[in-house]
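Accompanying notes for the structure given below.
6 protein chains.
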Amino acid sequence: MQTPNVLIIAPHPDDEVIGCGGTMRRMIETGAKVTVAIVTKGTPLYPASQVRQVRAEARKAAKVLGVHRLDFLDLPVTTLHLMPEAKMNKVFGNLIQRSKPDTVFIPFARDRHEDHRQSFDAALVAMRPDGRGHRVSRIACYETVSETHWTAPGVEACFDPNWYVDITATLDAKLGAMREYKSQLSEAIPARSIEAIEALARFRGSVVGMPAAEAFLVIRDLWAAQDRKGSARRR
Amino acid sequence: MQTPNVLIIAPHPDDEVIGCGGTMRRMIETGAKVTVAIVTKGTPLYPASQVRQVRAEARKAAKVLGVHRLDFLDLPVTTLHLMPEAKMNKVFGNLIQRSKPDTVFIPFARDRHEDHRQSFDAALVAMRPDGRGHRVSRIACYETVSETHWTAPGVEACFDPNWYVDITATLDAKLGAMREYKSQLSEAIPARSIEAIEALARFRGSVVGMPAAEAFLVIRDLWAAQDRKGSARRR
Amino acid sequence: MQTPNVLIIAPHPDDEVIGCGGTMRRMIETGAKVTVAIVTKGTPLYPASQVRQVRAEARKAAKVLGVHRLDFLDLPVTTLHLMPEAKMNKVFGNLIQRSKPDTVFIPFARDRHEDHRQSFDAALVAMRPDGRGHRVSRIACYETVSETHWTAPGVEACFDPNWYVDITATLDAKLGAMREYKSQLSEAIPARSIEAIEALARFRGSVVGMPAAEAFLVIRDLWAAQDRKGSARRR
Amino acid sequence: MQTPNVLIIAPHPDDEVIGCGGTMRRMIETGAKVTVAIVTKGTPLYPASQVRQVRAEARKAAKVLGVHRLDFLDLPVTTLHLMPEAKMNKVFGNLIQRSKPDTVFIPFARDRHEDHRQSFDAALVAMRPDGRGHRVSRIACYETVSETHWTAPGVEACFDPNWYVDITATLDAKLGAMREYKSQLSEAIPARSIEAIEALARFRGSVVGMPAAEAFLVIRDLWAAQDRKGSARRR
Amino acid sequence: MQTPNVLIIAPHPDDEVIGCGGTMRRMIETGAKVTVAIVTKGTPLYPASQVRQVRAEARKAAKVLGVHRLDFLDLPVTTLHLMPEAKMNKVFGNLIQRSKPDTVFIPFARDRHEDHRQSFDAALVAMRPDGRGHRVSRIACYETVSETHWTAPGVEACFDPNWYVDITATLDAKLGAMREYKSQLSEAIPARSIEAIEALARFRGSVVGMPAAEAFLVIRDLWAAQDRKGSARRR
Amino acid sequence: MQTPNVLIIAPHPDDEVIGCGGTMRRMIETGAKVTVAIVTKGTPLYPASQVRQVRAEARKAAKVLGVHRLDFLDLPVTTLHLMPEAKMNKVFGNLIQRSKPDTVFIPFARDRHEDHRQSFDAALVAMRPDGRGHRVSRIACYETVSETHWTAPGVEACFDPNWYVDITATLDAKLGAMREYKSQLSEAIPARSIEAIEALARFRGSVVGMPAAEAFLVIRDLWAAQDRKGSARRR
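Residue numbers (the working numbering), protein chains in the order written: chain A, 1 to 235; chain B, 236 to 470; chain C, 471 to 705; chain D, 706 to 940; chain E, 941 to 1175; chain F, 1176 to 1410.
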């Protein structure tokens, strides 16, 4: 099975729902075990009470979607780029070895937020296909409204997806999970609203003839011999 | 004034509405004179009756938006790439010299349809900024649902817009104009539906904090001395 | 099952083996039904006897790999770019509707040979995900020694694969199939030799910790609702 | 008016003149209010006396061009990348909210100097179009001789401008302002000489049929409804 | 010796001087044998008298620079794209086998003129490094004012050079050769004037600390064993 | 002579052999003087004994190839990105001024390891062609198995080489030097094995008709007047 173990790496709480909420739910419904790992902790930039609130919201959202495990990596928000590489890599390496995912969703490498960029880099280092440790079968970037579409045209690579998942049946669950993030939605950023998330799902779906879709950029897909991918009997 | 004379180059009827309907209408409301040029003629690939019908629809759509002039260049559909360059360039060159546009909207260079690609090329040749003939101040590519988002990721440049126009007030007019294209909508292609067009407008708007927007890729913006752009007195 | 129906589009005989021989064989072994479509016919550029010979070789190679169906589209070699788009699209459209593939392998868009470029374009047009006709789940480009690596760095996109298939167990079959193409190998082009093909397989494999691999560029992966992809029960 | 409030962000003194001197002057002459913000302070890498000198030169250059306000952000030179993101973003965010610019010029994202890269990033974060705070209508990158053209071809995006401003009438003022930077010119770097600056202006002009031009890369152009852009009455 | 045999492929007369005039002259002065091949013939698009005139000018320009051989391939202007690939390839293949060049200069692949694009493609096909026939050691694209800088930013690759040749000592010869092209200069296109050519040379030089330079994009550099490149004794 | 003084910049010991071992040896055999500079020191991340061992291996490998000088820059491993730019630039600047190289090999800018990226950046800053100090004639990136081919397709530039050097005669020396790195090979990473290195050399060679080759990306090639490049007498 290609997606029994799924890991979503989210720099900040709510990125996991915005980027993969519908796909996550669909995978869970068909038997996958999903782990969400939130990379950063808001303190001391934000007050502890605010961090507690958003984490409570993250738990509610995870519950709406049926997420099996919610991990907090507790790395420092907005200063990931100031960590020694070796330390950063160790945290992400441990995450991969511990959760042994088949499919991993990570933020887009050129998202406007530096924490997203650092998470992308650290995740790819941790999943180097060097033949040692756990092998990840599929790595894909998700898109985050209010980050991913603010790249600089003509300079930075834009998000140009090559994988579309029909989320028609799970869009409601996605939006429901997002509504749990009251603290994030209350800021009234148009780009991060329920309406924006739905419009994006409708647009992505329309491109490939689906009522609603989430779109991803597959970075690496591995069909190893031992997990017998390409086998008609088991897929 | 930057946009008094506006030209939209549409490979086939309805591309002009899909790509620029809302912006066109907004520009018209504020005084611009808009010309739409349809590049190809459907015959003999399609029956003459069908060509007559879609042209009647094009006229109705133009009327809804208030387009001042609708031109049919009558080049052969799906065989533009078989025309001698010199002949193609002459048709487009004449169009530019005749309509003397300040702003020109053209299809995206990597749209899936070869006619779009050829129209892009011919338009850019016709607007070479060589200091002779009419000077175009702004050239921008529009996006066409069911063509523009079918590029090949990782190989072809994707449409990564750098210009957003708020069309909140003119979205209804755009959709109304599109509804005149009954023959095109009747094919029931999800990517070319009213819903797809609206979802895209909502998504593009959400990226930049607008309820609805059309997005473009500015290819070349010229602030010449003689038209005194950058002048606070006249802009 | 993701790959029960597989289609390989080869501009000229032997491209299918060079690009996908090992993966094809692996898919066949696990139950997939594989069709190979050869796009062009060598005459009149090459003598009819030569065309007969290479087609006989193609049949032998197909037999070695266990290919279920070998199609000859009989389009004119080196003049694909001179065909009207509509005609080209019809041939490729018919191929897709007839073979109803789940996975389609096509040449790389920037291969040095114009026939490869035209085949890529026509294939993508034929597989527009517009919600009508047959839906293809996965489209991927393969690499062809002596074409794909002759792109122009700094100008043209290079082949940068995102999908690796372990062909350790089927490499011998691939090389065996290639050896049937005596007429092609006899030309003694280093880039198109058995040694070159094996070196590439070893290199691609080494990148991802496999003894031998074929690498592809996934252009589009669709997980539609109705084929219930993402389902843990059936994959 | 599109450009009444203009902000130029310069990592180090003289970048503002090299990149935008002629355009700045032209905008000032036609009524724009121009602010220049110098991002870094040379100490302690350079002696305080040298910093005083170059700042005096910056003031003289600003006077030659008629700049209305010259801001020194006093961030540490060559160590911008070591600042916490949140702190960096706050400085740039305050600058935008304080100066409320319509048009902002920033360094090119791939300039060879890390301070330029960091300034680009921080500026784009500060101008996220999230619908809160001040909205910037146009963001454009300028080119800096001796930084911008030292990118790595084949790896890093090069500066490929999409906006040309005729500076024929203001080139003298630009060069005059540059001559005030005696400390910078005295280093005798060919790439940063008066001759190099003029040659670039002549070359850029020649591309678009102007005697002299400055070229920019428009990153984002917003035509919001409330500032009634596209209005023929006011532009 | 790396450049004893040099071939310049020019789609139309004057491209060879604009792109490589200074480098050609420098190479000739140090012993290289230079061939210029003009790809197209102007008739019937242009009158025969005009073709005769520009060819006479081409001969004069070649004489100024000391070119050893001037070839006219006589392919049809503006309709190269309508030739069968095999025919086109044969003409270019013969050219390479006949002139046996070590270094070949070709137009940039994305020049605005279709003839330039076709010449680029045909030249690269003819110089496939397949181990048969003559091996070319270096292939480089030159830039042509009034073609190369009219690419579409954000869509087409721009000319981003990786090779600079100091032409300080031969710039006069280059400009002198260009002045022989009276028929081309008389059209008064700013982008194709003596002034534009000189400004570009000054700008390119300034980037790398030279008074004047020509810039190229190296596409492929081969150090084969048999010509013992990398040998300190002979280079 | 183009390559009498050659410098290879290696972030960690063994990168120099993996990337340039065959070319280095070939250049040495024909008279070049080669310096290898190892950028980082493993302590304190790795125990001192391990650092001593790998440095002993580096010396042995250098001896196998005939390297003239082996430099250890002793910068901190995995924390290069935390050094002030000015300090980093000084170390690399001193290296260039001290070794006065004609040709410099550096890691690829997008290698998966941050130390490689930082080394690339610092090297390019140190070799700015600003007309002051030592001028480097050629800068090229080499590829490192287990780093270079782990870029993210669709987001990061891939390694697309434009320079091939025939290493058929020196491949054995390269592999012999690599075998001295027992501590690195003992980790049993398929991507960093002797087999992987040889497969890559065979593949790169096959592309250009050579039995074995190393491939590079030329970033900048300068033919200055004073070293009379392009001279037939001396090359």
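We put the CB at the ideal spot given by N, CA and C, even for glycine. Here the structure is a predicted model, which is why all the values come from computation and not from measurement.
Select from the options the residue whose C-alpha is nearest the C-alpha of residue i.
i, options, result
"residue 577/C", "676/C, 510/C, 480/C, 688/C", "480/C"
"residue 837/D", "189/A, 47/A, 104/A, 42/A", "189/A"
"residue 129/A", "1312/F, 1384/F, 1341/F, 1320/F", "1320/F"
"residue 255/B", "348/B, 278/B, 301/B, 460/B", "301/B"
"residue 691/C", "200/A, 7/A, 186/A, 165/A", "165/A"
"residue 1191/F", "1383/F, 1379/F, 1352/F", "1352/F"
"residue 311/B", "554/C, 550/C, 544/C, 548/C", "554/C"
"residue 170/A", "210/A, 57/A, 143/A", "210/A"
"residue 1076/E", "1042/E, 1020/E, 964/E, 963/E", "1042/E"
"residue 945/E", "976/E, 954/E, 1152/E, 958/E", "976/E"
"residue 1045/E", "1062/E, 1030/E, 1027/E", "1062/E"
"residue 117/A", "163/A, 78/A, 200/A, 95/A", "78/A"
"residue 323/B", "354/B, 263/B, 346/B", "354/B"
If you draw a straight line from the alpha carbon of residue i to that of residue j, how long is it in whole angstroms?
i, j, result
"residue 332/B", "residue 307/B", "16 Å"
"residue 989/E", "residue 1055/E", "22 Å"
"residue 717/D", "residue 797/D", "15 Å"
"residue 898/D", "residue 890/D", "6 Å"
"residue 156/A", "residue 1326/F", "15 Å"
"residue 205/A", "residue 1001/E", "59 Å"
"residue 348/B", "residue 595/C", "7 Å"
"residue 540/C", "residue 215/A", "34 Å"
"residue 208/A", "residue 609/C", "13 Å"
"residue 1088/E", "residue 1138/E", "16 Å"
How would you write the range of the alpha helix (DSSP H) that residue i sits in, first residue to last?
i, result
"residue 240/A", "Beyond the ends of chain A as shown, which are 1 and 235, falls residue 240/A; an answer cannot be given."
"residue 1040/E", "Per DSSP, residue 1040/E belongs to no alpha helix (DSSP H) and is neither H nor E."
"residue 1378/F", "1369 to 1382"
"residue 1157/E", "No alpha helix (DSSP H) holds residue 1157/E; the beta strand (DSSP E) holding it covers 1153 to 1163."
"residue 10/A", "First-last for residue 10/A: 5 to 10, but that is the beta strand (DSSP E), not the alpha helix (DSSP H)."
"residue 407/B", "406 to 414"
Provide the residue span of the beta strand (DSSP E) that contains residue i, from first to last.
i, result
"residue 1195/F", "Element bounds for residue 1195/F: not the beta strand (DSSP E) but the alpha helix (DSSP H), 1190 to 1204."
"residue 1229/F", "No beta strand (DSSP E) holds residue 1229/F; the alpha helix (DSSP H) holding it covers 1223 to 1240."
"residue 75/A", "69 to 76"
"residue 138/A", "138 to 142"
"residue 1213/F", "1208 to 1216"
"residue 1105/E", "1103 to 1106"
At 9 Å on the CB atoms, spell out the chain F contacts of residue i, in chain order.
i, result
"residue 1109/E", "1400"
So with CB distances below 7 Å, who are the chain F contacts of residue i?
i, result
"residue 858/D", "1394"
"residue 1033/E", "What residue 1033/E touches in chain F: nothing, since even the nearest Cβ is about 16 Å away."
Using a Cβ cut-off of 7 Å, pull out every chain E residue sitting near residue i, in sequence order please.
i, result
"residue 1397/F", "1104, 1148"
"residue 850/D", "1146"
"residue 580/C", "Those do not exist, as residue 580/C stays about 11 Å from chain E at its closest Cβ, beyond 7 Å."
For a contact defined as C-beta to C-beta under 7 Å, what are the partners of residue i on chain D?
i, result
"residue 1379/F", "Within chain D, no residue comes near residue 1379/F; the closest Cβ sits about 16 Å away, beyond 7 Å."
"residue 1089/E", "912"
Along chain A, in chain order, which residues have C-beta atoms closer than 7 Å to that of residue i?
i, result
"residue 425/B", "206, 209"
Whose Cβ in chain B lies nearer than 7 Å to the Cβ of residue i?
i, result
"residue 160/A", "388, 393"
Which residues in chain A have a C-beta closer than 8 Å to the C-beta of residue i? List them in chain order.
i, result
"residue 536/C", "Residues of chain A passing the Cβ test: none, with the nearest at roughly 13 Å."
Return the Cβ separation of residue i and residue j in integer angstroms, given the expectation that the two are a contact with Cβ distance under 8 Å.
i, j, result
"residue 436/B", "residue 257/B", "7 Å"
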